[in-house]
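Protein chains: 2
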Amino acid sequence: MSERIWTAGLVVIGDEILSGRTQDKNVAQIALWLNVQGIRLSEVRVVPDVQERIVAAVNAIRTSYDYCFTTGGIGPTHDDITVDAIAAALGVPVVVHPQARAVLEKHYETRGGLTDARLRMARVPEGADLIVNRMSGAPGIRIGNILILAGVPSITAGMLDALTGTLEGGKPVVSGTIGCWVAESEIADLLRETEKAHEGVAIGSYPFFREGRTGANFVVRATDPALVQACIDDLTRRLEESGRAVMSGGI
Amino acid sequence: MSERIWTAGLVVIGDEILSGRTQDKNVAQIALWLNVQGIRLSEVRVVPDVQERIVAAVNAIRTSYDYCFTTGGIGPTHDDITVDAIAAALGVPVVVHPQARAVLEKHYETRGGLTDARLRMARVPEGADLIVNRMSGAPGIRIGNILILAGVPSITAGMLDALTGTLEGGKPVVSGTIGCWVAESEIADLLRETEKAHEGVAIGSYPFFREGRTGANFVVRATDPALVQACIDDLTRRLEESGRAVMSGGI
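Quick note, the sequences are listed as chains A and B, same order.
With the UniProt record's numbering, the residue at position 12 of the first sequence is 12, and numbering never jumps.
With the UniProt record's numbering, the residue at position 165 of the second sequence is 165, and numbering never jumps.
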């Protein structure tokens, strides 16, 4: 039973995220999916649609973690430069992938045919494999430890589906949450001591303010479900002994 | 009239974002606010609650851009290590800021008093100034070109309000959007040519799929509103001449 922790970083490629125009949804979506694969999302970088910025981020992430995911910039228009940037990062040429070309030819057969612009979506860094995209034809791309996904969240989701079970990972991180109508500053010592008493467990404290009241959710994380449960039980007991009511599942 | 472009990077400090538990809202909020200040958000890094990771990201961002924003990790609990990490990044000690202490003493006067845990929120890297937080007492922190903000989006918003007009910036980026029920692959050449014909303008193409139909929004960005308008007019004309109906304001 290996205790190796598998890690991934994500490069979000998108002027639209950095301009504030679009609310990113891929970070949370990919993080949750990675958890199930037993891979921990360890870093995210959001960079603009500028080749040298993509190259620098991809090179930093792919050499620091087991996997490097990217989202965005794989469509047919002039601002879609992800494939060129990643080929440059790897020092390989861009080629048309025959299977991607065949998929696109079929997809566009009844939609006006495969134009030059559409053929752009069959371009991959040399040596790459495809990640199936049932939704819109244009595939994702896998090369080495790099996984190149779409930016539109519903299409990203389909590509994650296609990748499910194909990446090596470790034990998934398990988490449990309890909530309490308490200012976290009142129980900071209690939290710290509880975390210390349970090796291998991390407790996160997330305050909120609702209907004029202060509360916090406490999230307990570990790879061993029994450790999580023991820590949740202990934390619940300590909070209740200090006179607070605890809601399992958070507030 | 200076054409200097002012830039900022953002370090999001938060296990809760990387675990997928919490959907980040601060990237878009800060990006939109920065646009109004005439500052361009140029990079975001999301890192876990681990001191050396925060130090590395803050040092990379603060030396690459005019401003380095951080969100998260400034509360009273054991997982709030942002202040210590940034002090370490700058090589300065952590001290209790007398004004922050006074603010917290007043805030907690009727809420059980200023405990040791709460006093943690008055700790700053030596030499720092405070950013007012009307909502929950605990202030944000400003030191050099680093702006340390809360992670809870409503509190972040209050701190941005307090910062409005205090940062030097350039011309805000202006954008205009038009939408079209068209597959972007059909008009990729048209887009590229339009962008080329308008120097200083960037056109982003953002496809979507709704009610079984394919469409795209085209976002035109520049610092000169007249350039944006001229490009929007030209793009609209070109799309209409190619037989497409255009919706101003996007779809």
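A virtual CB, placed ideally from N, CA and C, is assigned to each residue, including glycine.
Neighbourhood of residue i by C-beta distance below 7 Å, restricted to the same chain and skipping five residues each side
i, result
"A:I61", "G9, V11, E43, R45 and C68"
"B:G158", "N133, R134 and M135"
"A:P76", "A117, R118, R120 and M121"
"A:E184", "S205, P207 and A216"
"A:A162", "I131 and V132"
"A:R210", "none"
Neighbourhood of residue i by C-beta distance below 6 Å, restricted to the same chain and skipping five residues each side
i, result
"A:D15", "P48 and D49"
"A:F208", "G215"
"B:V174", "P225 and V228"
"A:R221", "V173, S175 and A202"
"A:H97", "A122 and V124"
"A:M1", "Caution applies to A:M1, whose pLDDT of 45 falls short of 50 and renders its modelled position unreliable; the model cannot decide the point."
"B:L114", "L104, E105 and Y108"
"A:A128", "I141 and I143"
"A:C231", "H198, V201 and V220"
"A:L147", "F69"
Proximity winner among the options, relative to residue i (alpha-carbon distances)
i, options, result
"A:I143", "A:E184, A:E195 and A:T82", "A:T82"
"A:G249", "A:Q229, A:A28 and A:R238", "A:Q229"
"B:D189", "A:D116, A:R213, A:A102 and A:L18", "A:D116"
"A:I86", "A:D24, A:V201, A:L149 and A:R238", "A:L149"
"residue 252 of chain B", "B:E3, B:R4 and B:I17", "As displayed, chain B neither begins before 1 nor continues past 251, which places residue 252 of chain B out of reach and without an answer."
"A:L32", "B:P172, B:A162, B:W33 and B:R21", "B:R21"
"A:R192", "A:A183, A:W181, A:V182 and A:G204", "A:G204"
"A:S19", "B:S19, B:I13, B:Q23 and B:V27", "B:V27"
"A:L104", "A:G165, A:L160, A:G137 and A:F218", "A:G137"
"A:G170", "A:G38, A:V58, A:T63 and A:K25", "A:G38"
"A:W6", "A:R53, A:S64 and A:D24", "A:S64"
"A:G72", "A:I141, A:R4, A:H107 and A:R101", "A:I141"
"A:A89", "A:H107, A:H78, A:Y108 and A:R53", "A:R53"
"B:R4", "B:I13, B:R40 and B:Q29", "B:R40"
"B:A56", "B:Q29, B:F218, B:I13 and B:G212", "B:I13"
"A:I74", "A:A102, A:T156, A:V219 and A:L239", "A:T156"
"A:T236", "A:R210, A:A102, A:E168 and A:V182", "A:V182"
"A:G165", "A:Q23, A:Q29 and A:V36", "A:V36"
"A:T70", "A:N145, A:R101, A:E168 and A:Q23", "A:N145"
"A:E168", "A:L34, A:I30, A:Q23 and A:E241", "A:L34"
"A:G91", "A:Q29, A:N59, A:F218 and A:G112", "A:N59"
"B:R213", "B:E241, B:R238, B:G112 and B:I251", "B:I251"
Range covered by the alpha helix (DSSP H) that runs through residue i
i, result
"A:V83", "T82 to L90"
"B:L149", "Counting along the chain, B:L149 falls outside any alpha helix (DSSP H), though it belongs to the beta strand (DSSP E) covering I146 to L149."
"B:M159", "P153 to L163"
"A:T214", "It is not in any alpha helix (DSSP H) - A:T214 instead sits in the beta strand (DSSP E) that spans R213 to A222."
"B:I54", "Q51 to S64"
"B:T194", "A188 to K196"
Residue i, buried or exposed, once every other Cβ within 10 Å from all chains shown has been counted against 16
i, result
"A:T110", "exposed"
"B:E186", "buried"
"B:R118", "buried"
"B:A197", "exposed"
"A:A245", "exposed"
"A:G243", "exposed"
"B:D80", "buried"
"B:G179", "buried"
"A:Q99", "exposed"
Beta strand (DSSP E) segment containing residue i, residue limits
i, result
"B:A8", "W6 to I13"
"B:I39", "I39 to V47"
"A:R142", "G140 to I143"
"A:A117", "Not the beta strand (DSSP E): A:A117 falls in the alpha helix (DSSP H), residues D116 to L119."
"B:P207", "A202 to R210"
"A:D79", "First-last for A:D79: undefined, no H or E at that position."
"A:D234", "No beta strand (DSSP E) holds A:D234; the alpha helix (DSSP H) holding it covers P225 to E241."
"A:T71", "Y67 to T71"
"A:P125", "R123 to P125"
"B:L130", "D129 to I131"
Residues near residue i in its chain [Cβ-Cβ closer than 8 Å; skip 5 each side]
i, result
"A:V94", "V83, D84, A87, R123, V124, P125 and E126"
"A:D234", "T194, A197 and H198"
"B:M247", "I178, G179 and C180"
"B:G200", "A222, T223, D224 and L227"
"B:K25", "P153"
**Study point:** Where the segment 25–47 of chain A meets chain B: residues whose CB sits under 7 Å from a CB there
**Key:** Of all residues in the segment 25–47 of chain A, those with a C-beta nearer than 7 Å to a C-beta of chain B are V27, A28, A31, L32, N35, L41, S42, E43, V44, R45, V46 and V47, reading in chain order.
Residues of the segment 57–79 of chain B whose Cβ lies closer than 9 Å to any Cβ of chain A, in chain order | A57, G75, P76, T77, H78 and D79
- request: Determine which residues of the segment 9–22 of chain B have a Cβ less than 9 Å from any Cβ of chain A, and write them out in chain order.
  value: L10, V12, G14, D15, E16, I17, L18, S19, G20, R21 and T22
Proximal residues, the segment 193–210 of chain A versus chain B, C-beta separation under 8 Å | E195, A202, I203, G204, S205, Y206, P207, F208 and F209
Query raised in the report: Between the segment 132–148 of chain B and chain A, which residues of the former have a C-beta closer than 7 Å to a C-beta of the latter?
Result: none
Quiz prompt | Residues of the segment 117–132 of chain B whose Cβ lies closer than 9 Å to any Cβ of chain A, in chain order | solution = A117, R118, R120 and M121
Against chain B: residues of the segment 222–245 of chain A by CB proximity under 7 Å
none
Please list, in chain order, the residues of the segment 146–179 of chain A that have any C-beta partner in chain B closer than 9 Å.
Against chain B - using a Cβ distance shorter than 9 Å - the residues of the segment 146–179 of chain A are G151, V152, S154, I155, V173, S175 and T177.
So if I threshold CB-CB distances at 9 Å, which residues from the segment 88–100 of chain A count as touching chain B? none
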